[in-house]
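A quick write-up on the structure given underneath.
Protein chains: 2
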Amino acid sequence: MIGKITIDDVRFPLEGNAGSDAIHRDPIYSYAVTRLHDDSGLTGTGFAFTLGEGNNLVCKAAEYYGRQLQDKDIEEVMANFSDLFKQLSNDQQFRWLGPHKGIVHLALASVTNACYDLWAKKRGVPLWKLLIDLSPQQIVNTLDLSYLEDELTVGQALDLLKAQQPTRAERMPILAQGYPGYDTSIGWFNYSDELVRENCKKALAEGFTAMKLKVGSADPERDIRRAHIVREVAGPDVKVMLDANQQWNLPQAIEICNKLKSINPYWIEEPTHPDDVNAHATLAKAIAPVKLALGEHVPNKIIFKNYLQSGSAAFMQVDAVRVGGVSEFITVSLLCKKFGIPVVPHVGDMGQLHQHLVLFNHIAMGHEALFLEHIPHLQKHFVNPAQIIGGVYKTPQVPGSSCDLLVLKD
Amino acid sequence: MIGKITIDDVRFPLEGNAGSDAIHRDPIYSYAVTRLHDDSGLTGTGFAFTLGEGNNLVCKAAEYYGRQLQDKDIEEVMANFSDLFKQLSNDQQFRWLGPHKGIVHLALASVTNACYDLWAKKRGVPLWKLLIDLSPQQIVNTLDLSYLEDELTVGQALDLLKAQQPTRAERMPILAQGYPGYDTSIGWFNYSDELVRENCKKALAEGFTAMKLKVGSADPERDIRRAHIVREVAGPDVKVMLDANQQWNLPQAIEICNKLKSINPYWIEEPTHPDDVNAHATLAKAIAPVKLALGEHVPNKIIFKNYLQSGSAAFMQVDAVRVGGVSEFITVSLLCKKFGIPVVPHVGDMGQLHQHLVLFNHIAMGHEALFLEHIPHLQKHFVNPAQIIGGVYKTPQVPGSSCDLLVLKD
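As you go down the protein sequences, you meet chains A and B in turn. Following this note's numbering, the numbering of the first sequence begins with 1 at its first residue and continues without gaps. Following this note's numbering, the numbering of the second sequence begins with 1001 at its first residue and continues without gaps.
Spelled out as structure tokens, the structure:
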């Protein structure tokens, strides 16, 4: 039974321009952490991620949601988590503050993720193992498919999961091989050209075959110059992604993306405002065959559905610490699977739990095992940090979702 | 110069099921109020509106934004409000919590609206008068048109306002006539059929020629029965609107809206989730010629742009206490004008300042003077409440935006 519920505002200033992008020049990587203290002695830890200011507001909202878990049995909660998710996300007064977006939804992510963590710890298995061992029906019982009825009914979600069962064994070797990573920390926005060049070499030496550069400068020539540096150092076979962090408007994006074609980017990420589905659809047509990736700022399954319907993005970067937690991450992954679009979650080791979720997506849902973002700056703060060796995530073996923070160790 | 800045969390419980709809059964109408105390002795008051829980979080966020106004001169701020709006709405850490949506954006509305109120008081005129006396260039200087470049450049916004200047005089009589209202309080969700019938009669007797019923019952027959009651009492010539408050999914909406055609609704409002642009576009086609209205939960100009581009709604209900205040309300109104879609703001007297904004939209922008929502439950709490006589809003004459609350009177 869940007894005490604690919420903590934990912030980690970064060093040396790490984390900087075209929009966010001086972030303080922060977590709004929910901990569910179970009378078994186990503690479920979940969080949402923010850039500092306002992290306390996410905590306050998480406190409000968290109260609903008091005295609940985690197995009972998770047997029909769909119900709790609907109840919390549609709280009739809190709903006005979204609905299903912004601070209240970040708070829901924190609470939801704590539930999944406690569930996995209670069963004594890592989260990926818990999830792949659930039946399709048990998975669907944890999801809220409201407002998706035009694209994904409960029956269709079940069928989609069942259809993947016969071929699961073929995908299990990923557990031994590890899930590929890609390196985002070669080219933060404020890094000098020289540092970008150095970091590229380092990433290659470490075994990465994919890496990402921040673009979106006021001066597009800077973007183009730096992109060429990365391509030059990386060589023609490495996947190079470019991330504009919403910096361009549509006419700018069309112009600059066409220029960036010359370095053959694997994708261009967040070219413009994350609410602008139509602009992304127009852009995708205007710059084909260059592909778009987006999703780190898309707050819920409904907007993901609109993006998928519009055919605007070739990669969906849903983030379990932005949407309503693991539950909605799985919902969005199912939608993506239906539309044949790969899921490449935003933040890997920074989000910690995505290393579990991509394994589930691959094994149980048949998603391609593409790669997972690697941003190491917060690794040192976790009890069980993600381990990336030779450019590959080692499969986590400790029970839970790997989200316990050293600073909050009981 | 702006000295002290105070933020207040003000909540007004309602009586007798007033305010209830299909989603929000027991709201506590609340304001997150920003007051800018000028050294001239004047106080600018602005607010965002919520349904109670979490109103304190909007206040906290408004405090953060409000600090930026300390020691500023309001005329200087407003001469280029575009800059302040961009600065606040893109605060690099707070932005992560939206961007441009949810609690942070509600807070921005509160602060923005206080600026406009102080500006009008400083000039000793009601807000509508201040706004219609500004030149097109001065108006555009208060707007942030970022991410709208594909539909509305600064030059196009200027042209649009200039094009309306020669015919302004023809639209000035609205000031003497008053702006028509429509009555939303005939049919709150939890009202009995008998009370709905009585309220309809009362509204007709008061002079209203348009009224709205809450629908979205689990049992669609209840909706249909009550809609027929309203049509029967109102007669064939009164405009009857139906408001589902997001209760239906798309397949349900198609089915039920087609059934509700029989009462000839003037519009059907918020049929499904406010983030679902595609669903509204599909629905609009499926139920034509019945028209859709939406916007009370649309948080920003970018999503409005997407709705307008998709041709899904025939009426846009932008709300200056939901989007980033008066500034973004005007931006969205310009977008609507470009697309030929009328603006019918969410909440009239409850929002108080909309009575000013519809006069501006009509006179300076050439928007049709359709009607403005009337929800009287909070009138008694205002120093200068909206006056609706014979179904018509009397033009406010007191300086400012009519948003001062009795409970916060200096």
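Here a beta-carbon is modelled for each residue, glycine too, at the ideal position from N, C-alpha and C.
query, result
"Contiguous beta strand (DSSP E) assignments of at least 3 residues, all confined to the region 326 to 382 of chain A", "372 to 374"
"G1054/B burial status per 10 Å Cβ neighbour count (16 or more: buried)", "buried"
"Within chain A, partners of P1027/B - CB distance below 9 Å", "Q92, Q93 and W96"
"Limits of the unbroken beta strand (DSSP E) element including V1033/B", "I1028 to D1038"
"Within-8 Å CB hit, Y1147/B to chain A", "yes"
"Where the beta strand (DSSP E) containing T50/A begins and where it ends", "T43 to T50"
"The region 1046 to 1066 of chain B in contact with the region 88 to 99 of chain A per 3-pair CB rule at 8 Å", "yes"
"contact_flag[the region 369 to 379 of chain A, the region 318 to 335 of chain A] where n(CB pairs < 8 Å) is 3 or more", "no"
"Residues of the region 1103 to 1121 of chain B with Cβ closer than 8 Å to any Cβ of chain A, in chain order", "I1103, V1104, H1105 and L1106"
"Residues of the region 47 to 67 of chain A with Cβ closer than 8 Å to any Cβ of chain B, in chain order", "T50, L51, G52, E53, G54, N56, L57, V58, K60, A61 and Y64"
"Under 8 Å between C-beta atoms of N1306/B and H1105/B", "no"
"Within-8 Å CB hit, N1249/B to chain A", "yes"
"Proximal chain A residues relative to N1306/B, where beta-carbon distance stays under 7 Å", "D276, V277 and N278"
"For H280/A and L294/A, believed in contact at Cβ under 8 Å, the rounded distance", "7 Å"
"Spatially closest choice to I954/B from V1344/B, L1283/B, Q1246/B and V1398/B, by CA coordinates", "This structure cannot speak to residue 954/B, because chain B is shown only from 1001 to 1410."
"Pick from L160/A, S402/A and G351/A that is closest to F339/A, judged by C-alpha positions", "L160/A"
"Limits of the beta strand (DSSP E) - the one that K212/A falls within", "A210 to K214"
"Beta bridge counterpart(s) of R1011/B as assigned by DSSP", "S1030/B"
"Beta-carbon neighbours of Q309/A, restricted to chain B and to distances below 8 Å", "N1278"
"Residue from I2/A, N17/A, L353/A and S217/A whose Cα sits closest to the Cα of L39/A", "Looking at the sequence itself, residue 39/A is Asp, so the reference to Leu does not match. Comparing Cα-Cα distances from D39/A to each of I2/A, N17/A, L353/A and S217/A, the minimum goes to I2/A."
"Selected residue, minimal CA-CA separation from T1209/B, among K1259/B, N1190/B and Y1266/B", "Y1266/B"
"Residues of its chain near N1056/B, where Cβ-Cβ distance is below 7 Å and the 5 sequence neighbours each way are ignored", "D1009"
"Within chain E, the residues that N300/A reaches when beta carbons sit closer than 7 Å", "In the displayed structure, chain E is absent; the protein chains listed are A and B."
"Beta carbon proximity, P1396/B to chain A, threshold 8 Å", "no"
"L213/A versus Y182/A - alpha carbon distance", "11 Å"
"T1272/B at chain A interface by Cβ criterion, 8 Å", "yes"
"Residues within the region 10 to 34 of chain A neighbouring chain B, beta-carbon criterion of under 8 Å", "I23, H24, R25, D26, P27 and I28"
"Y182/A - containing beta strand (DSSP E), residue span", "Y179 to G187"
"Closer than 8 Å to chain A by CB, D1083/B", "no"
"Pick from G351/A, D91/A and G390/A that is closest to H381/A, judged by C-alpha positions", "G351/A"
"The region 30 to 46 of chain A touching the region 243 to 259 of chain A, judged by at least three CB pairs closer than 8 Å", "no"
"Backbone secondary structure at L1152/B - three-state DSSP", "coil"
"Residue-level contact to chain B via CB, H297/A, 8 Å cutoff", "yes"
"Beta-ladder partner(s) of M172/A, from DSSP", "In DSSP, M172/A forms no bridge with anything."
"Span separating the alpha-carbon of K1060/B from that of L1408/B", "18 Å"
"Test item: CB-CB of P1345/B and L1357/B under 8 Å", "yes"
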